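Enquirer:
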Amino acid sequence: MPDLWFVEERNPFGGWSPATFSGEKPTEKQVGGRRKEFRNDPERVHPGHRDLTLPQLFEVYSPDGKFYLPRRVA
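Here it is as structure tokens:
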């Protein structure tokens with residue numbers, strides 16, 4: 002099963018919108034002449050969280066979420 006990644010992308014109104022990507026780790030790149038901007042590094046979604054909805058993933062993986070815990074860097 003391919004990896005699932007959680008990111009927050011800059012939206013046209015200047016805010017951040019949650020999104021998920023399947024497969025390789027996403028990168029900030031040009032789309033239609035505009036660069037996609039991520040709020041922070043993409044986070045790999047834990048296999049046990051794959052069935053969560055996007056708003057639920059936001060609560061766990063976004064720094065603004067209720068259940069966010071900073072990940073330890075090894």
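In the working numbering, the protein residues as written are 2 to 75. All C-beta atoms, glycine included, are put in the ideal place defined by N, C-alpha and C. Fair warning: this is a prediction, and the values are worked out from it, not measured in the lab.
Which one of E29, P13, P56 has the shortest CA to CA distance from F39?
Expert: The shortest Cα separation from F39 among E29, P13, P56 belongs to E29.
Enquirer: Helix, strand or coil: how does DSSP classify V61 here?
Expert: helix
Enquirer: Have a look at F14 and F7 and give me their C-alpha separation to the nearest angstrom.
Expert: 20 angstroms
Enquirer: Between which two residues does the beta strand (DSSP E) containing T21 stretch?
Expert: Note, T21: beta strand (DSSP E), 17-23.
Enquirer: Pop quiz: P19 and L70 are said to be a contact at Cβ under 8 angstroms. What is the actual Cβ separation, rounded to whole angstroms?
Expert: The distance from the Cβ of P19 to that of L70 is about 17 angstroms, inconsistent with a contact at the 8 angstroms cut-off.
Enquirer: Expressed to the nearest angstrom, what Euclidean distance is found between the alpha-carbon atoms of R36 and E25?
Expert: 18 angstroms
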